[in-house]
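*Asks:* Starting off with a structure, shown below.
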Amino acid sequence: MLLSSTVQGQDVARPDEPRAVLEEVVVSAQWRDERLQDVPIATTVLSGSELRRDGIIHSSRLAQVTPNLTYSGGFETIPKIALRGVVTNDFIQNLNPAVGTYVDDVYVGLGTAQAMQLYDMERVEVLRGPQGTLYGKNTTAGAINYVSAKPRLGSTDASLSAGVGSYDLREADAALNAAIGERAASRVSLTWRDRGGFVDNLHTGRNARALKFWGARGQLFLKPSDGFDALLKVFAGERDGDALNRMTIGTLSPVAPAPGSPRRSQLHGIHITGYEPLRAPHVTESDGPTYDRVDEQGASLTMRGDLGFAEIKAITGYGRVERDALDDVDGSPHSLLQLGYGNVSRFVSQELRLSSEEGRFSWKAGAHFYEERHDVDNRFRFFDCLRIGTCSLLPLSVPGDAPAAAGYPPFAYFPEVFPPAPELAGASIATSVNWGYEQENRSYAAFGEGSLQLTDRLTTTLGLRHTTERRVIDAYSHVSFIEAADYRGPLRLFPGYDSAGGSKRWDNVSGRFVLEYELSRDALLYASVATGFRSGNWNGGAYSSPAGIRVPVDPETLASYELGLKSEWFDRRLRANLSGFYSDYEDLQVSVFANSTQMQLNAANAEIFGAEAELAAVPVPGLTARLALGWMPTAKYVDFNDGRGVDLSGNRMILAPEVTATAALDFDYPISSRWTVSAGGDVRYQTRTHFTVYNHQHLSQGEFATTNLRASLHNLERDYGVRLLVRNLFDKAYGVDGNTIGAPFGFDAYAWGEPRMWSASFFVNFN
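Okay, here's the thing in structure tokens:
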């Protein structure tokens, strides 16, 4: 997948002179190329050169430089992306992204296609707040636009880079732009990475969390006349890696652990098997092989024409993603809980845009159609160690007698699904579930907005959108059992089902109002109100509950109120972009683990208040300083019942730290007429981040900071050089995800982020 943006320098320094001003940033957030400073939307923009400089080769690293953006990777192929506290807290294949993802103007809504490998990019734009009157799909959090480098007419050139790094990293990227006469050009982009694992498996002796990836993209650009052009793109890629090796946290009190146990001082609790989990990052005792493989292919066609009174643009897209994953969730030497995920998901989209920028009144109108299909076949195995005789379960008397470990919340039981303890004698225990569904989603939308320049400095914008969503699902769940005559404990029993599902339609009208005032050529003040809508959906995770499948989660809505300032000072040596916002969030879709089933509920309202500041300065020629600050003092659930009678009102929203901050310095200095040296680094800080709606401290990450360093040496005459990157310099251990597994297993799961890593690469450009 791709990203891009156009960053142009109006005041270009000579190669042997350090830059003395900030680069002019041009974006297309409002369908036309314009200065970032003229766009009344809180936007973070990263150019292709900035992505390479900062080592941002994956979408997860956008949080490194974007205020109030948090990225969680419980499953690396289905990430949780939170923008201003708004997030999709789920990992099921049919999930609804709260943040709209666009790749070269094509909306990509597949949950398994949200993790982007970034190569040969032009720019990335992160737009905060609802954007439904500008973009094809309506979402509540905002939009991330990935813009790939496009073919250039009249130019034949190429670039190549290759490198090595920690954990046996080998990587290479290449791009070739070729002119085809005067009216056509093509571009081919390639990437490849192979890295060993950084998690030490003490049980198998092998390293885990290895990663292999390749991607290819081909583009053909045709411009037969000045009034028409077309861009055809095809792409493919494959990711072959390990599922996250989680640290599991036992939630049951230990039964007299051996006094000489080497892990006694670290013991936080035990599993239902009595296993004492490790409490260390980047190590595991997992017994099973884990993997997470994704294949993707797709194509898009973008045509643009001049109608005289307006410009017309047609965007057609297609994508296919196939995933096969196996996750050893318990992380122990026992085969207690293994989850296998398999799906083939496809989408087609068509968007038509009309726009006119003539005179004091400009307008935009669009129509959007989007269809996606999910064919899902998941395989869950429970208590396999009982079947093969490698473990036994704790002899608990009744479910309510199972105590929680010290400092942990009470063990979660669901009495309505447990028979009394005497009835468990001789009962069957579910040992495997083959669970899947077919789902088809269709979305239709008409949207547009008009802007009227009331005076030379004052402009007002009004936009409206109508959306229709229809979703159909047909699911099944087949359960296998084993006998456990002597077992007495909190096991979840369920019968499975052959077919369950339904069809549902939702309609919504949303809008946007903006008032912007140009204080000067270098300062823009704006105020806006925007509403967003996220479609309802079916509970694709309800493998043990036909009722859960049949009852959909309804849409959520968000009203965002924003006040912002875009400004530049001292002849573009200082840029200060500020924004403050309040979000009123209704019918919030939340994910909870209830009755051994991952469920989506309309369980909450929420309110979010915060601000952002993005500062950049060139205090002296060659030195650039940047600060990205996000602040959300309020991000809490209101009127939130988890569906089991637990009131979570007032809890902090997940993936919504109060403070995110990145400070960066970069120094570029020509040491001769041919050579330039660059060096820099950044520090990323964030406060406590909760991974569950229950705000359990053991399933959160406290405040922490990571430091990254970079340096390069560039020969300007022959256009080649070397680049060195070090990420997480001080090897800080930090969590990226946590899940409450609960009954009947007696443990929670926690995932760690990457340790310190370095890479060194050689690059060359051929012009």
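Take the sequence shown: its position 169, counted from the start at 1, is 169 in the UniProt record's numbering, and no numbers get skipped. The beta carbon of each residue, even a glycine, is placed where N, CA and C say it ideally should be. A quick note: this is a predicted structure, and the numbers were derived from the prediction, not measured.
Alpha carbon to alpha carbon, how far is Glu516 from Leu458? Give it in angstroms, no decimals.
*Replies:* Going by the C-alpha atoms only, they are around 6 Å apart.
*Asks:* Please report the Cβ distance between Ala98 and Arg534, rounded to the nearest whole angstrom; I am assuming they are in contact, meaning their Cβ atoms lie under 8 Å.
*Replies:* Correct: roughly 6 Å between the Cβ atoms.
*Asks:* Between Ser678 and His690, how many whole angstroms is the CB-CB distance? I'm expecting something under 8 Å.
*Replies:* Wrong, their Cβ atoms sit about 38 Å apart, outside the cutoff.
*Asks:* Quick one: using the 10 Å Cβ neighbour count with 16 as the cut-off for buried, is Gln266 buried or exposed?
*Replies:* Confidence at Gln266 is low in this model, with a pLDDT of 37, below 50, so the placement of that residue should be treated as unreliable; the coordinate-derived value is given next. That one is exposed.
*Asks:* Is it buried or exposed, Asn739, if we count other Cβ atoms within 10 angstroms and call 16 or more buried?
*Replies:* Flag for Asn739 reads buried.
*Asks:* Whole-angstrom Cβ separation of Val433 and Gly496, contact assumed at under 8 Å?
*Replies:* Between Gly496 and Val433 the Cβ distance is about 7 Å, and since that is below 8 Å, they are a contact.
*Asks:* Hey, how far is the Cα of Thr687 from the Cα of Asn651?
*Replies:* Taking the straight line from one Cα to the other gives about 16 Å.
*Asks:* So, helix, strand or coil for Arg19, using DSSP?
*Replies:* The answer is coil: DSSP assigns Arg19 none of H, G, I, E or B.
*Asks:* For residue 775, which residues from the same chain have a beta carbon less than 6 Å from its beta carbon, with the 5 sequence-adjacent residues on both sides left out?
*Replies:* This structure leaves residue 775 out entirely; the chain is present only between 1 and 767.
*Asks:* Compute the Euclidean distance between the alpha carbons of Leu424 and Ser544, then round it to the nearest angstrom.
*Replies:* In this prediction, Leu424 scores a pLDDT of 38, lower than 50, which makes its location untrustworthy; no coordinate-derived value is stated.
*Asks:* Tell me the DSSP secondary structure of Gly738 in three-state form.
*Replies:* Strand, per DSSP.
*Asks:* How far does the beta strand (DSSP E) with Pro555 in it reach, from first residue to last?
*Replies:* First-last for Pro555: undefined, no H or E at that position.
*Asks:* May I have the straight-line CA-CA distance separating Val45 from Gln439, to the nearest angstrom?
*Replies:* Answer to the nearest angstrom: the Cα atoms are 35 Å apart.
*Asks:* In whole angstroms, what is the alpha-carbon distance linking Ser503 and Arg442?
*Replies:* Approximately 11 Å between the Cα atoms of the pair.
*Asks:* So, do the segment 158-174 and the segment 139-150 have three or more beta carbon pairs nearer to each other than 8 Å?
*Replies:* Counting Cβ pairs under 8 Å, fewer than three are found: no touch.
*Asks:* By DSSP, does Arg32 sit in helix, in strand, or in coil?
*Replies:* In the structure shown, Arg32 sits in coil (DSSP, three-state: anything other than H, G, I, E or B).
*Asks:* Ordered along the chain, which non-local residues of its own chain (more than five positions away) have a Cβ less than 6 Å from that of Arg293?
*Replies:* Asp240, Asp324, listed in sequence order.
*Asks:* When you compare the CB positions of Val199 and Val283, do they come within less than 8 Å of one another, or not?
*Replies:* The answer is yes: Cβ separation under 8 Å.
*Asks:* Can you tell me whether Pro755 is helix, strand or coil according to DSSP?
*Replies:* Here Pro755 sits in coil by DSSP.
*Asks:* Buried or exposed, going by whether 16 or more other CB atoms sit within 10 Å of the CB of Leu454?
*Replies:* Per the 10 Å Cβ criterion, exposed.
*Asks:* Between the segment 105-112 and the segment 331-340, can you find at least three pairs of beta-carbon atoms closer than 8 Å?
*Replies:* No, the segment 331-340 does not touch the segment 105-112.
*Asks:* Alpha helix (DSSP H) containing Arg652: first to last residue?
*Replies:* Here Arg652 belongs to no alpha helix (DSSP H), and DSSP marks it neither H nor E.
*Asks:* Can you grab the Cα-Cα spacing for the pair Gly260 / Ala733, in whole Å?
*Replies:* Confidence in Gly260 is poor, its pLDDT being 34 and thus under 50, which makes the residue's placement unreliable; the coordinate value appears in the next sentence. Straight-line Cα distance between these residues: approximately 27 Å.
*Asks:* So, helix, strand or coil for Ser59, using DSSP?
*Replies:* Ser59 falls in the helix class under three-state DSSP.
*Asks:* Does any residue of chain B bring its CB to less than 8 Å from the CB of Ser544?
*Replies:* This model lacks chain B altogether, as it is built from one protein chain only.
*Asks:* Quick one: using the 10 Å Cβ neighbour count with 16 as the cut-off for buried, is Ser673 buried or exposed?
*Replies:* Exposed, by the Cβ-count rule.
*Asks:* Who are Tyr341's beta bridge partners in DSSP?
*Replies:* Answer is Ala325.
*Asks:* DSSP three-state label for Glu357, please.
*Replies:* Three-state DSSP puts Glu357 in coil, outside helix and strand.
*Asks:* Tell whether a beta-carbon distance below 8 Å holds between Thr467 and Glu449.
*Replies:* Not in contact: Thr467 and Glu449 (Cβ atoms no closer than 8 Å).
*Asks:* Taking only the alpha-carbon atoms, compute the straight-line gap between Asp498 and Trp435 and give it to the nearest angstrom.
*Replies:* Computed Cα separation, rounded: 10 Å.
*Asks:* Three or more C-beta pairs closer than 8 Å, one from the segment 217-233 and one from the segment 171-185: is that the case here?
*Replies:* The segment 217-233, when compared against the segment 171-185, does touch it at the 8 Å Cβ threshold.
*Asks:* Kindly indicate the opening and closing residues of the alpha helix (DSSP H) around Gly48.
*Replies:* Unbroken alpha helix (DSSP H) run through Gly48: 48-54.
*Asks:* For Arg373, which of helix, strand or coil comes out of DSSP?
*Replies:* Note: Arg373 maps to strand in three-state DSSP.
*Asks:* Starting from Ala661, trace the beta strand (DSSP E) in both directions and tell me its first and last residue.
*Replies:* That run of the beta strand (DSSP E) goes 659-670.
*Asks:* Asn207: which of Gly181, Ala230, Ser286 sits nearest, CA to CA?
*Replies:* If we check each option's Cα against that of Asn207, Ser286 comes out closest.
*Asks:* If contacts are defined as beta-carbon pairs under 8 Å, then Ala664 and Arg626 qualify, I think. What distance do you get, rounded to the angstrom?
*Replies:* Rounded, the Cβ-Cβ distance is 4 Å, consistent with contact.
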